[in-house]
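K.L.:
Pasting a structure below so you can have a look.
Chains as they are written, first to last, in the numbering used here: chain A, 89 to 379; chain B, 89 to 379; chain C, 89 to 379; chain D, 89 to 379; chain E, 89 to 379; chain F, 89 to 379.
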């Protein structure tokens, strides 16, 4: 169908964050437990919920035109697709996912080389095999159907390659990270033919722009204050240089209004300084998007 | 009691949305599971929780001065009240409620006329009787105590008249919408004597204005950007014409600040154009009310 | 450790509100069910979760430098600490906690003096003993391990001293408030030595300023509108005088933009007047902080 | 269809108890949230879930052959059906449902006669009208769509006729029972033609026998013990006379085994006496059915 | 370790049923959310929770001595293990799991042969490939990471091979079962060396006997009654012949006590007959095990 | 009041187990969230829900006649009451509660003597003070308001005295049990005057007998089988000697029926032997009470 873009929402751990991100970007995606088809309020798009593990396969095959999934799975399947951009979900709890090599807390494994001859369980069989084979370490890699951490706790294998954000589940199970093998962030990928189609490419780029504007606004706020004319320079100099402050005259007065955008963390530092410099009527307000 | 307005909050499907709407409009309504009386932080108002089916009855009788309920139930009871305004809860999931005629998916019913002699179950007995009688189709309409869809599935009746938003529950049960009989939206209704009392009328109008301002702001956002003076006209011409943009000078510069209000959907269209036209420092911020 | 502030988050009824308050103030505090240590995204701070009953003890002893707890418990333990400021969680549901003397609904107790010789159960044993002893009323005060209301219902004691916000639980149990003994609000307290240390004091004051800015913004909103030049005076005179309105020229026009901050309740009153005075394009937007 | 019985399970408050009762009686009824049709593992029966308010209507009309519903609703609708037997769900929490006349706790209503001219809200409009009309008390009875207790609390009506088991919800709302108007128990009802059909009647009677056997076994247990021959008479005389005890010889001994059935409450009384009389090896075991 | 049996509990859909089955058989298995190791109150056993998909692998490799898993997965992996016995979880809701070929409800697929050239998604890749290859039907079988039904709904593949008990989820999604490919029941499997070890084999057989005794007792009950001597033959002839009835003399009487075991369904048939034949004091009691 | 016994149910961790135990013993105790008074279906008893920490206080003072609480708390308060009997809740998960001395996992504390001068937090202040003072170890014991484990993790104190069943929470927090200070089981205690009153004492003893009979039946089952006359001696010799087996003649046969009571664990051992010895028709049935 021409002028219709088929987009893949990643099912599972990124699902809610992606729906929320679309919402902030102006699209209502509705996922119902009664239906596998997510709805979207854009007559030029349809959505499908797709496992991250399979996103690359379906984008490559043009079942969908574009979609979001972790780079780990896109590369695991060695899918032949276009990577449009990274989508760094920047909230504190959204550190990059790290694939790590994990052994029992009391084992003697110091590095990958200590695992020659061992059995390693993982969901990421292809990547793990390539990783050890590139280092000429002979290992037996086998597919794990989930609960992978339990396997090394239980002695069902010698080590695992598992994904983690903070490492806390691993520690809580008495396991130990031997080393990190790969970091992964979500990426927006597109089918090659779709990317070559001008209408589809513009649509994909529109989506990418708006999603990234919403991500950029996470943890960012607007700060607005009034200041006497002779303090404006001092005040603007303590504001973060991310964007130039917007300064405008006030009516019947030599005061000015100053407005700027910064992260919540910078606000913590800036406000005590602004007070000292004589800014008044300081207010902070929330932002939806920063372009 | 003079200078005290008694207001009816609709119990049930509109209850939470109404409480949230009052909150956005500046009133805290607190509904406790321990008490039937909702509290409200306005010394000139008291609230009662009332079933939509009975709202008209109690407003007509002056038990309460005004209230919100679906127009379907107000008209079912043919209550003699003033309809002050519609309250279109505009979120995507809040399409108008539709009362539809529903038959089994595999029945031969093509229209109301195919139901002559049939038994029809519904909660809206009065409306349904009037509908069929106006068309001279003899039917047996009987009151259904809920789970109305089950009745036609189970063969307990030939068809039903039931309310739906999206039709998905009906389809999921293997039923089929024959035709739509009525669309209904929530309305704010007032007792006739209360409406004639100047103080009460002003109070009711204040409530109506603020609730509508909050509804108008749903899915709307503010967009602010800086632009060189010679681009202002081009930029303002791509902004939706809902409200004129607010344009002001920036300090010590020939740039201007442009600020406008639009729906989230328009933002999707507008932002790529603004970037092309040279707007900078574009930010989007949320709104509570638009008057 | 120098340049490191140890801060106590109150466990229990104020816990979520405090974490949310820090979030609004620019700090992410993460409390995990797997760990007793809340994390905080500030390299100059560590947090501990501490019962309000024990906060004074640990601040006094310098186990932590500062913390938030109800003034009731700080004074119960007669802890020797600095009270930096009150933290009035101002939302409607956050009235000051009141410690009240409670008896059975049908008892004859009119005032504390009617309880001579009686047994009184309470969690606040020290305060209650001092209260009755100052009034020369001999009573037997005993520590209650919770479910204190049940004790007077059950006849296990003659009266209780219990904390309440609205009194509704007390009434629901058929009990009666005899009189109020003390009102309590949360306070930010600091260890005396920490307060004397310049770096720690500045850090504590930074926290206090930002938390109070966030509290000040609760239930407050920004209102922005355009007005013809000759209406500005009339319009600004109906705005609440909390902060001066910010007024600025519009481009190529004799209209002005007016912006002000007020409580949601004032908005209810002001908007009908602004409309009458000719204001246009009125929008209301949310605030995070007011300094 | 011949040799097929259509049976109505009451939807709502009796639903789970009825399904459990069928289970104890040897039938697996499966109610799925995905389907309106309950399944049953008996090739001679089909089930439907039907509101108690409508059970009489559908049995009378032969839509179903038989069903269980409260006698209150069967009589409200004055359905022309056969009442096969009462089904007294005997667990402690299953007291007969009582329809009571309820007024505000502080009203002066002493009896029905004090309500002349009043408005009474109830779900049981027909019964209530007949009740007051038989006593020549003119009242305005109106249908209540639920939350009936709230109506008298809220002053929407003068009194209500409502169903209750223990009266505790009524008391908790500050209301008062004026008097009881009717007691209701579940009944098994049958269509008149179905009852006249020999095969259907035998099937209905089989169901009635087994359901009643299961109900009879609720709170009943079996008690078994050994006793010397000369104590048998004394022991059997303290056992409840509900059923004769089963006494049998033991092998190579002059001891006897005694076995009897009684309620759990009688066990509390009997066991201390049995110990005194020299019974040994006393065990208590659970029962499923007593015929 | 000698005299220690390592046993695999299947994680997932059979997990709770298996724990409950061990409980009925006299073993307390405790699965904690804090630990991957289930505990068991038998000093001769340890347990591990293992995915059914991997059970065969770990039993074959002697990581565990024995375990329970569906025969589908044991055969998928072509594990070289001993199948000790079937474990037919006989409750109504536990029909054998069926692997079925599923296509869209409105497709033209009538049998496997209509799928030549198609893409089939399944978790059971090995079995599916063998199935089609034995029939010389060329298909592309690909591994599905779950939500397999969604794939055919969504058009991501042409057909799926999926497991189902009742087919109701398939129907609810608008899909259609083309044909059944395999039925699967849980089996108890053992490692070959463990089975050759006399102590381990005896232990495995003890477990098998007790688990099967508990399964045999599901839906079975004991029935006990008294009867006059001349009715015993008639009565015992209507009892199911599963086990001989136990008949014993009553003390000082020519009545006899008759006791037998049967399924709950047979009780429905038998009780009306027993009453007609003069049996008295009929009671039904629950059973834990039948050997 | 004469002939009325006031009984205390322990609120909290033993609450549900106690209510269930009373239910098995023939008393329905109903605890409602709307009321502090548990109901009981015995016209000679009333119940109160009381914290274990306060049970001794109220029994000593005759506010109640008897109650159940942990011996730890009865002795903490040094209440002057009669201990009627232990109530060993024997289910696997109900090991005796142990009060243990706990330090950080990596501390050097080997025994109580290493804590001279330390601060110890505990809910059991009196016992802990006595324990250390008897050993002449000077420590600072302070009352902990809950979350005691967090205190030693957080460094708020040097060690804690805390209750545990399995030690797993302690280990999960990285703490270490230094030694056990006391084991505690629930006890049934009585007021001294109540115990001296013949009617009350008999009532208390009746309760004690029935509760203990129910506890004795936990994890116990009945086993029944038929055997040829010449195998009876061999068979009864393998049965546990807890109670003599009940053996009776079968009608018109030289077989005998054998019935015995044993624990579920013994059944695991016994059944394979019974099969070898020729027993037939073995069934196992559940028990409610063993006296």
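Quick reminder that beta carbons are idealized off the backbone N, C-alpha and C, glycines included. Note that the coordinates shown come from a computational prediction; the quantities given were computed from them, not determined experimentally.
Just tell me which of B:241, B:212 and B:203 has its CA closest to the CA of residue 225 of chain B.
P.N.:
Along the second chain, one-based indexing puts residue 225 of chain B at 137. The candidate whose alpha carbon is nearest that of residue 225 of chain B is B:203.
K.L.:
Between residue 277 of chain B and the rest of its own chain, which residues show a CB-CB distance below 8 Å, the 5 nearest in sequence each way excluded?
P.N.:
Taking the first residue of the second chain as 1, we reach residue 277 of chain B at position 189. Within the same chain, residue 277 of chain B has close Cβ partners 143, 144, 147, 154, 155, 156, 157, 162, 167, 169, 170, 171 and 172.
K.L.:
What in chain F is Cβ-close to residue 187 of chain C, meaning under 9 Å?
P.N.:
Counted from its first residue, the third chain places residue 187 of chain C at position 99. Result: empty, since nearest Cβ-Cβ is about 17 Å, beyond 9 Å.
K.L.:
So within the segment 297-355 of chain F, which uninterrupted alpha helix (DSSP H) runs reach at least 4 residues, ignoring any that extend past its ends?
P.N.:
The qualifying runs are 320-326.
K.L.:
Could you give the first and the last residue of the continuous alpha helix (DSSP H) run that contains residue 144 of chain E?
P.N.:
Within the fifth chain, the letter at position 56 stands for residue 144 of chain E. It spans 140-148 - the alpha helix (DSSP H) in which residue 144 of chain E sits, taken as one unbroken run.
K.L.:
Taking residue 245 of chain D as the reference, which of B:150, B:99 and B:350 has the closest Cα?
P.N.:
Position 157 of the fourth chain, counted from the start, is the residue given in the question as residue 245 of chain D. Comparing Cα-Cα distances from residue 245 of chain D to each of B:150, B:99 and B:350, the minimum goes to B:150.
K.L.:
Excluding sequence positions up to five away, which residues of its chain have a Cβ less than 8 Å from the Cβ of residue 132 of chain A?
P.N.:
By 1-based counting over the first chain, the position of residue 132 of chain A is 44. Hits under 8 Å: 91, 92, 93 and 291.
K.L.:
How about residue 294 of chain C: is its C-beta nearer than 8 Å to some C-beta of chain A?
P.N.:
Here residue 294 of chain C is taken as the residue at index 206 of the third chain, counted from 1. When Cβ-Cβ separations below 8 Å define contact, residue 294 of chain C makes contact with chain A.
K.L.:
Return the residue from the list B:176, B:99 and B:302 that minimises the CA-CA distance to residue 271 of chain B.
P.N.:
Counting from 1 along the second chain, the entry for residue 271 of chain B is found at position 183. For the residues B:176, B:99 and B:302, the minimum Cα distance to residue 271 of chain B belongs to B:176.
K.L.:
Out of D:352, D:139 and D:359, point me to the one whose CA is closest to residue 232 of chain B's CA.
P.N.:
Position 144 of the second chain, counted from the first residue, corresponds to residue 232 of chain B. Answer by Cα proximity: D:139.
K.L.:
Quick check on this structure: which residue in C:352, C:261, C:253 and C:376 has the alpha carbon closest to the alpha carbon of residue 351 of chain A?
P.N.:
Here residue 351 of chain A corresponds to residue number 263 of the first chain, with the count starting at 1. Looking at the Cα atoms, C:376 is the closest of the given residues.
K.L.:
Starting from the Cα of residue 299 of chain A, find the closest Cα among A:105, A:193 and A:100 and give me that residue.
P.N.:
Here residue 299 of chain A is taken as the residue at index 211 of the first chain, counted from 1. Answer by Cα proximity: A:105.
K.L.:
Just by C-beta distance, which residues in the segment 347-368 of chain D are closer than 9 Å to chain F?
P.N.:
351, 352, 353, 354, 355, 356, 357, 359, 360, 362, 363, 367 and 368
K.L.:
Looking only at its own chain, which residues have a Cβ that is under 7 Å from the Cβ of residue 361 of chain C, when we skip the five neighbours before and after it?
P.N.:
What you label residue 361 of chain C is simply residue 273 of the third chain in a count that begins at 1. 326, listed in sequence order.
K.L.:
Tell me whether residue 130 of chain E is buried or exposed, calling it buried when 16 or more other Cβ atoms sit within 10 Å of its Cβ.
P.N.:
Working through the fifth chain from its first residue, we reach residue 130 of chain E at position 42. Under this definition residue 130 of chain E is a buried residue.
K.L.:
Closest to residue 306 of chain A by C-alpha separation, out of A:102, A:211 and A:113, would be which residue?
P.N.:
Along the first chain, one-based indexing puts residue 306 of chain A at 218. It is A:113 whose Cα lies nearest to the Cα of residue 306 of chain A.
K.L.:
To the nearest angstrom, how far is the alpha carbon of residue 357 of chain E from that of residue 303 of chain E?
P.N.:
Along the fifth chain, one-based indexing puts residue 357 of chain E at 269. Along the fifth chain, one-based indexing puts residue 303 of chain E at 215. Roughly 23 Å between the two C-alpha positions.
K.L.:
Between residue 343 of chain A and residue 374 of chain A, is the Cβ-Cβ spacing less than 8 Å?
P.N.:
Counting from 1 along the first chain, the entry for residue 343 of chain A is found at position 255. Counting from 1 along the first chain, the entry for residue 374 of chain A is found at position 286. Cβ atoms of residue 343 of chain A and residue 374 of chain A: not closer than 8 Å.
K.L.:
What separation, rounded to the nearest whole angstrom, lies between the Cα atoms of residue 181 of chain E and residue 128 of chain D?
P.N.:
If you number the fifth chain from 1, residue 181 of chain E lands on position 93. If you number the fourth chain from 1, residue 128 of chain D lands on position 40. The pLDDT assigned to residue 181 of chain E is 48, lower than 50, so where the model puts this residue is not dependable; a value taken from the coordinates is nonetheless given after this. Their Cα atoms are separated by approximately 12 Å.
K.L.:
Based on Cα-Cα distance, which residue from D:117, D:190 and D:379 lies nearest to residue 301 of chain D?
P.N.:
Against the fourth chain, residue 301 of chain D aligns to sequence position 213. The residue with the shortest Cα to Cα distance from residue 301 of chain D is D:379.
K.L.:
Alpha carbon to alpha carbon, what distance is there between residue 257 of chain F and residue 308 of chain A?
P.N.:
By one-based count along the first chain, residue 308 of chain A stands at place 220. By one-based count along the sixth chain, residue 257 of chain F stands at place 169. Taking the straight line joining both Cα atoms gives about 40 Å.
K.L.:
Which runs of the alpha helix (DSSP H) spanning at least 4 residues fall entirely within the segment 222-284 of chain C, listed in chain order?
P.N.:
Those alpha helix (DSSP H) runs which fall completely within the segment 222-284 of chain C and span 4+ residues are 236-241, 256-260 and 280-284.
K.L.:
Checking the sheet assignment: what are the DSSP bridge partners for residue 98 of chain E?
P.N.:
Position 10 of the fifth chain, counted from the start, is the residue given in the question as residue 98 of chain E. According to DSSP, which records beta bridges pairwise, residue 98 of chain E is partnered with E:138.
K.L.:
What does a CB cutoff of less than 8 Å around residue 185 of chain B pick up in its chain, not counting 5 residues either side in sequence?
P.N.:
Sequence index remark: in the second chain, residue 185 of chain B carries index 97 (1-based). These residues qualify, in order along the chain: 158, 160, 251, 252, 253, 271, 272 and 273.
K.L.:
Do you know offhand how far residue 247 of chain D's Cα is from residue 279 of chain B's?
P.N.:
Here residue 247 of chain D corresponds to residue number 159 of the fourth chain, with the count starting at 1. Here residue 279 of chain B corresponds to residue number 191 of the second chain, with the count starting at 1. If I take the Cα positions, the gap works out to 24 Å.
K.L.:
Just by C-beta distance, which residues in the segment 233-265 of chain B are closer than 8 Å to chain D?
P.N.:
233, 234, 235, 237, 238, 241, 242, 243, 244 and 261
K.L.:
I want to verify the contact list: residues of chain B whose CB lies under 7 Å from the CB of residue 219 of chain C, in sequence order.
P.N.:
The count along the third chain starts at 1 and reaches residue 219 of chain C at position 131. Going along chain B, no residue has its Cβ under 7 Å from residue 219 of chain C, so there is no contact; the nearest lies around 30 Å.
K.L.:
Checking contacts by CB at 8 Å: is residue 116 of chain F closer than that to chain C?
P.N.:
Here residue 116 of chain F refers to the residue found at position 28 of the sixth chain. Not one chain C Cβ lies under 8 Å of residue 116 of chain F.
K.L.:
Any idea which residues DSSP pairs residue 170 of chain B with across the strands?
P.N.:
One-based indexing of the second chain puts residue 170 of chain B at position 82. DSSP lists B:278 as partners of residue 170 of chain B.
K.L.:
Beta strand (DSSP E) containing residue 80 of chain F: first to last residue?
P.N.:
Residue 80 of chain F cannot be examined here, being either before or after the span of chain F that is shown, 89 to 379.
K.L.:
If we define contact as Cβ-Cβ less than 8 Å, is residue 61 of chain B a contact residue for chain C?
P.N.:
Since the first and last residues shown for chain B are 89 and 379, residue 61 of chain B lies out of range.
K.L.:
Can you look up residue 206 of chain C in the DSSP assignment and give me helix, strand or coil?
P.N.:
Looking up residue 206 of chain C in the third chain gives position 118. Coil, per DSSP.
K.L.:
In this structure, how does DSSP classify residue 180 of chain E when only helix, strand and coil are distinguished?
P.N.:
Residue numbering aside, residue 180 of chain E sits at position 92 when the fifth chain is read from its first letter. Caution applies to residue 180 of chain E, whose pLDDT of 42 falls short of 50 and renders its modelled position unreliable; the value that the coordinates give is listed next. In the three-state reduction of the DSSP assignment, residue 180 of chain E falls in the coil class, being assigned neither a helical nor a strand state.
K.L.:
Please determine, among B:355, B:190 and B:152, the residue with the shortest C-alpha to C-alpha distance to residue 265 of chain B.
P.N.:
What you label residue 265 of chain B is simply residue 177 of the second chain in a count that begins at 1. Residue B:190 is the option with its Cα nearest to residue 265 of chain B.
K.L.:
Within 8 Å of any Cβ in chain D, is that where the Cβ of residue 180 of chain E sits?
P.N.:
Walking along the fifth chain from the start, residue 180 of chain E turns up at place 92. Note that residue 180 of chain E scores 42 on pLDDT, short of 50, meaning its location in the model is unreliable and no value can be drawn from it.
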